[in-house]
Each structure stands twice: as structure tokens, then as C-alpha cells.
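Count along the sequence shown from 1, then add 3; that gives the number in this note's numbering.
Note that the Cβ used here is the ideal one computed from N, Cα and C, for glycine as well.
Below is one structure, written out as C-alpha cells, with a few remarks after it.
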Amino acid sequence: MIRFSVWRGEPTVGLTLSTGERYMYQRSGKAALAALILLIAGTAFAQTRTVEEIVARVNAEIILKSELDRAKERLRGDLAGAPPRGQGFQGAQLEQAFAEQSKNSLRDLIDQTLLLQKAKEMDLNAELEVVKTMERMRQENNIPSTEQLEQEIIKQLGNIDEFKQEIRTRYLTGQVLGREVYNKVVITMEELRKYY
């Protein structure tokens, strides 16, 4: 029932509820309160449970922040490492070189992902190259067995699977570039003479 009244000289509209209507509103109020509590609790839970951040999407694949962070760590290691594998930078020189080169880390990961997708499309396989590279490393370092080589890699790098994946990635990207880019570049003798 709606009732009209005047309070302090101003008209007001009030709503008078029956007992059944009051019960219904109390019950729906409790349900709304419960829903609000669940929403707040769910939001708090979701905030504490961020699994991984996506930094880029390349066709059907994604690049995660952890992958970008690992690429930057490898870059820093390459810059700080001793020659011939590393640059040997230290201190401010290392920080400056890292700041300049790390700007390209995401772009490099995107390029690498595109090349690996092309390698998959071309049906290229790198497993034989992984075996050959491991065997060559074993012989060059005079290590008696592949198992001992793997233990040494784990001791130095922490993860044999990441090491093997790095071999696959380098091989496959090199193959795609060789077949799709380098083989299509034609330089004539006249162009060579002009250049030199």
C-alpha cells in the first residue's frame, strides 16, 4: 500500500508493506548480502592467485611474462659472461648494454615464435640435431657418457629440458631463415663489384 503524507511542509511518499512482503524483502536482502560477501571473497581470492601474465599473442600461441623474464635473464648472462660466449661487461657498462638490448626482448620472442610456427608448418624436426649437438659436446669436453654430460648440464644450467629446447629453437629458426630468407637473396657479381 502506498501512502502519501506531509512532513515539515513537504509532501513525502511512503510505502507500507504487508507482513509477507516484509519477509520477502528481508530474505532477498540476506541473499544479496551473502552474494556480496561471496563476490568480495572471490575477488580477494582471484587477486592472490594470479597464475601468469600474458605479454603477447602470436597467432594461436601466447608469450608469458615468465618467458620474457627468462629471455632477459639469458641476455644479462650473455652480456656478463666471459668471452668467447659472453661479452664480459661489468658494472655500469653491463647495465647500459642490458638497458639498450633488453628493449628488443619481446620483439625477439615474437620473431622467434613466428619462426617456430613456420618451422612447424614446414614440418621441420630438430630431434636429430639435439642428439648430434649433445654428442659433439660430449666428445669436445671428453665426457665418457651422455648421462654424465646431462648431469654436468644440470649442474651448470639447472634444467636439461630447457637446454635441449634451446638447441631445437636455434636449429629450427636457422633452418627457416636459411630456406625462406637467405636462399632467396640473390647477389649478382656486378653488385659485389660495386660494393667492394
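- Report yes if the C-beta distance between L117 and A74 is below 8 Å; otherwise report no. Here residue 117 is taken as the residue at index 114 of the sequence shown, counted from 1. Here residue 74 is taken as the residue at index 71 of the sequence shown, counted from 1. No, they are not a contact pair.
- Task: Please say whether D81 and G89 have beta carbons closer to each other than 8 Å?
- Result: As a working note, residue 89 is residue 86 in the sequence shown. As a working note, residue 81 is residue 78 in the sequence shown. It is a contact, given that the beta carbons lie within the stated cut-off.
- Where L131 falls: helix, strand or coil (DSSP): The residue labelled residue 131 in the question sits at position 128 within the sequence shown. In this structure, L131 counts as helix in the three-state DSSP scheme.
- Message: I'd like to check one pair, E132 with Y185: are the Cβ atoms closer than 8 Å?
- Response: Mapped onto the sequence shown, residue 185 falls at position 182. Mapped onto the sequence shown, residue 132 falls at position 129. No, these two residues do not count as a Cβ contact at 8 Å.
- Could you name the residues that DSSP lists as bridge partners for L67? Here residue 67 refers to the residue found at position 64 when the sequence shown is read from its first residue. Beta-bridge annotation (DSSP): L67 is paired with I57.
- Query: According to the Cβ coordinates, are L71 and Q104 closer than 8 Å?
  - Reply: Locating residue 71 in the sequence shown gives position 68, where the first residue counts as 1. Locating residue 104 in the sequence shown gives position 101, where the first residue counts as 1. For L71 and Q104, no; Cβs fall outside 8 Å.
- Query: In angstroms, rounded to a whole number, what distance separates the CA positions of L102 and A85?
  - Reply: As a first step, residue 102 is located in the sequence shown; it is residue number 99 there, counting from the start. As a first step, residue 85 is located in the sequence shown; it is residue number 82 there, counting from the start. Residue identity differs from the one stated: residue 102 is Ala in this sequence, not Leu. Straight-line measurement puts the Cα of A85 at about 19 Å from the Cα of A102.
- Contained alpha helix (DSSP H) runs [length at least 4] in the stretch 131-191, N- to C-terminal order: Counting whole runs of 4 or more residues, the stretch 131-191 contains the alpha helix (DSSP H) stretches 149-160, 163-183.
- Could you check the C-alpha separation between K203 and I190 for me, to the nearest Å? The requested residue 203 does not occur in the structure, where the chain is confined to residues 4 to 199.
- Item | Residues of its chain near T172, where Cβ-Cβ distance is below 6 Å and the 5 sequence neighbours each way are ignored | What you label residue 172 is simply residue 169 of the sequence shown in a count that begins at 1. Excluding positions up to five away in sequence, the list is empty.
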